[in-house]
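Taking it in order: structure first as structure tokens, then the write-up.
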Ligand code: GLY
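Numbering (the numbering used here), first residue to last: 2 to 344.
Right under this line is the structure:
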């Protein structure tokens with residue numbers, strides 16, 4: 002078992018929390034809940050019908066199921082949940098437990114952040130992507146028709162339990178999605194994560210994310226590197242009406258970002274080939290842009306990305322490593338897109 006601390010010390014309150022990684026760690030839920038301050042009297046469990054994880058706690062438990070699919074990641078679902086919390090008599094001292102993939106923990110976290118202006122939340126991610134990314138770091142939120150995760154809040158969990166037993170039956174597609182984010186960590190650190198056993202691999206990804214979040218909790222700078230590959234990825238998800246899942250889109254976005262970085266003279270052909278080897282061969286993921294939208298549509302969606310404060314913003318590899326780059330020339334992006342779509 003591994004225990005990684007996400008260290009958010011500083012300011013008036015210490016909001017650090019543990020991420021526990023290992024087989025059977027769901028058994029530690031009661032212990033984690035009883036350590037919360039104030040001590041909760043009730044649990045609101047948020048999950049989905051398909052998630053077969055048994056969650057037991059000695060506290061009275063109110064179960065809420067949310068629909069499967071990105072179309073349920075919206076404000077209507079958050080309203081339904083908060084109304085349910087009120088009907089169940091949840092107070093500011095109670096706790097939400099989110100059990101599921103990234104969509105569940107994003108929505109559960111945002112409902113917890115909003116109800117009574119914020120109550121505690123503990124996440125139990127059940128997918129690889131959830132364990133290594135979505136459930137850690139406090140980004141919560143829902144989609145609008147205009148874009149992904151456009152409404153949300155930074156709301157750190159009070160603890161995260163990554164029970165590796167949940168991965169034993171993870172569908173192949175979900176494994177691919179997790180691997181898309183894992184390939185991202187590969188380029189952030191150079192670590193050969195694929196060489197590690199499952200517990201060490203998940204634990205190391207959690208450590209990498211914890212370190213970045215601790216250095217820039219609210220993404221005023223460095224945390225943006227966690228969005229490597231995400232600018233095109235978000236556009237592909239929307240253009241495909243979410244037929245392309247997030248992690249699948251990230252693998253394609255990583256290669257596009259590397260092609261763009263090469264075109265801008267930030268990296269050489271060898272580094273682009275390293276991206277193709279890691280994403281395509283080591284992790285067996287897609288590298289080519291599928292025909293889900295024209296170059297114009299994808300470009301327009303990338304302009305609407307949350308990171309785009311001043312023109313097009315990409316996270317790009319370069320001489321200083323992976324970093325956010327603001328105001329990337331749209332004509333160059335268009336050229337690289339055209340080549341990738343038609344090449
Ligand atoms: N998934 C990117 C972040 O948490 O910042």
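C-beta: ideal position from N, C-alpha, C; glycine also.
Buried versus exposed call for residue i [16 or more other C-beta atoms within 10 Å across all chains shown]
i: residue 157; result: buried
i: residue 74; result: buried
i: residue 210; result: buried
i: residue 230; result: buried
i: residue 95; result: buried
i: residue 92; result: exposed
i: residue 286; result: buried
i: residue 177; result: buried
i: residue 392; result: Look at the range of the chain in this structure, 2 to 344, and you will see that residue 392 is not part of it.
i: residue 59; result: exposed
i: residue 41; result: buried
i: residue 260; result: buried
i: residue 38; result: exposed
Range covered by the beta strand (DSSP E) that runs through residue i
i: residue 23; result: 18 to 23
i: residue 194; result: Per DSSP, residue 194 belongs to no beta strand (DSSP E) and is neither H nor E.
i: residue 101; result: 96 to 101
i: residue 150; result: 148 to 155
i: residue 343; result: That residue, residue 343, is in no beta strand (DSSP E); its alpha helix (DSSP H) goes 331 to 343.
i: residue 45; result: 44 to 48
i: residue 79; result: Residue 79 -> not in any beta strand (DSSP E); alpha helix (DSSP H) instead, spanning 76 to 88.
i: residue 274; result: It is not in any beta strand (DSSP E) - residue 274 instead sits in the alpha helix (DSSP H) that spans 270 to 277.
i: residue 127; result: From DSSP, residue 127 is part of no beta strand (DSSP E); its letter is neither H nor E.
i: residue 317; result: 313 to 317
Close beta carbons around residue i, own chain, < 7 Å, minus the five adjacent residues each side
i: residue 277; result: 256, 288
i: residue 127; result: 52, 54, 100, 101, 102, 167
i: residue 220; result: none
i: residue 283; result: 195
i: residue 106; result: 99, 124, 126, 131, 135, 136
i: residue 144; result: 71, 74, 75, 150, 151
Close-in-space but distant-in-sequence residues of the same chain around residue i (CB under 6 Å, 5 per side omitted)
i: residue 281; result: 288
i: residue 305; result: 148
Assumed close pair residue i, residue j - CB separation to whole angstroms, cut-off 8 Å
i: residue 323; j: residue 311; result: Contact doesn't hold; Cβ gap of about 20 Å is too wide.
i: residue 264; j: residue 337; result: 5 Å
i: residue 262; j: residue 330; result: Actually they are not in contact, since the Cβ atoms of residue 262 and residue 330 sit about 13 Å apart, beyond 8 Å.
Proximity of residue i and residue j at Cβ, strictly below 8 Å
i: residue 200; j: residue 165; result: yes
i: residue 163; j: residue 26; result: yes
i: residue 116; j: residue 86; result: yes
i: residue 137; j: residue 21; result: no
i: residue 250; j: residue 237; result: yes
i: residue 159; j: residue 213; result: no
i: residue 108; j: residue 47; result: yes
i: residue 240; j: residue 299; result: yes
i: residue 114; j: residue 141; result: yes
Close Cβ partners of residue i (< 8 Å) along its chain, the five nearest in sequence each way excluded
i: residue 133; result: 179, 182, 183, 186, 203, 206, 207, 210
Residue i - containing alpha helix (DSSP H), residue span
i: residue 63; result: Unbroken run through residue 63 is the beta strand (DSSP E), 62 to 66; no alpha helix (DSSP H).
i: residue 252; result: 247 to 264
i: residue 117; result: From DSSP, residue 117 is part of no alpha helix (DSSP H); its letter is neither H nor E.
i: residue 35; result: 30 to 35
i: residue 304; result: 296 to 304
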